[in-house]
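Everything in the sequence shown is counted per the numbering used here, starting at 1 for the first residue and increasing by one. In this text, a Cβ means the ideal position worked out from N, Cα and C, and glycines have one as well. Predicted model, so just to flag it, every value in this text is computed and none were measured. Okay, structure first, notes after.
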Amino acid sequence: MAGFINTITWTIYLKRFDVLILENSRYAVLPFNRTTLFKLVSSGTPGDGTVPVESLRAIRRSAVLKSALAVNVEHQGAYNVDSLRDIDNRPAVRFTLRAIVKMVQEVPASW
């Protein structure tokens with residue numbers, strides 16, 4: 001055989017909720033058969049439309065932060081590239097690619 005076939009097996013637990021869940025809400029299952037409801041709402045504060053500015057402030061206080069980039073950017077447009085050469089003109093793409101490479105470099109070889 002040329003190689004090994006690896007498989008991952010997991011169990012999915014489904015629970016029925018007799019409540020209306022709107023598109024901007026999600027139930028999370030917690031330990032001991034508990035649940036909590038998360039609802040996505042606007043913070044009403046400055047930010048880029050997806051991440052409020054107070055989130056960046058909290059992230060910057062983290063002791064494990066490796067890097068951060070705060071720019072006024074429209075997310076979808078920031079990641080649209082016309083070609084591989086166009087990546088040089090997209091700081092958000094360059095930052096993201098660099099971050100991915102750094103994370104991959106930290107994965108142990110035996111993993």
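When DSSP states are grouped into helix, strand and coil, Ala78 belongs to the helix group.
Beta-bridge partners assigned by DSSP to Ser62: none are found. Leu97 carries a helical assignment under DSSP once its states are collapsed to helix, strand and coil. Taking the CA atoms as reference points, Glu74 sits about 31 Å from Val107. Under the three-state reduction of DSSP, Ser25 is assigned to strand. Taking the Cα positions, Arg85 is about 24 Å away from Ala68. Here Arg57 carries a helix assignment [DSSP, helix/strand/coil].
In the three-state reduction of the DSSP assignment, Arg34 falls in the strand class, which pools E and B.
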